[in-house]
Amino acid sequence: PVVWGAGGRVLAAAGGRSVVAWDFDGEPPVRQNGRSTLLGGHSAPVVWLGFAPAAEGAAEVEGGSPSCTLATASADGRVLVFRLGGEAKGRAVGAAKWASPVCVWQGPGGGGGEGLLVRWVEPSRLLVVLADGSLHGLRC
């Protein structure tokens, strides 16, 4: 999966269990991984990515870096929420940064993600997860 956020300034992409977010500040980030953030925590392939809707009247950019919230969901039913930019830049790993989730949710019984549906609800910024016939709301 691939998704744009922060008004088209941040791109997040998943391949297998890995998620990377890039800050496009007017120049392509090719060979400039200093503007990328590695998002860890999944032990199964990532099947969904989604940026939270921007809060009403909130600044999208803090200190020149976009500030946004990204949720990821994997095939094992695990949902992780990350804050990107602003104060949550993560720690350096090589030329890139590494970010840990601020919120973790595991599907009922730790089971698989069959039938897993994940969506942000505007304007409340509530993350809604439908798993195994049960509806769950996450506010991280």
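Under the numbering used here, think of the first position of the sequence shown as 152, with each following residue one higher. We put the CB at the ideal spot given by N, CA and C, even for glycine.
An exposed status is given to PRO259, since fewer than 16 other beta-carbon atoms sit within 10 Å of its beta-carbon. For ASP174, the enclosing beta strand (DSSP E) begins and ends at 169-174. If you compare the alpha carbons of VAL269, CYS219, VAL230 and LEU267 with that of TRP256, the shortest gap goes to VAL230. At least 7 Å separates the beta-carbon of LEU190 from that of VAL161. Contact between ARG234 and THR223 does not hold, since their C-beta atoms are separated by about 13 Å, which reaches or exceeds 8 Å.
Comparing alpha carbon positions, the residue from VAL232, LEU277, ALA157 and VAL153 closest to ALA165 is VAL153. The three-state reading of DSSP puts ARG186 in helix, counting H, G and I together.
The beta-carbon distance between SER225 and ALA195, rounded to whole angstroms, is 4 Å. This is short enough to meet the 8 Å contact definition.
When LEU268, GLY192 and LEU267 are compared, the shortest CA-CA separation from VAL232 is found for GLY192.
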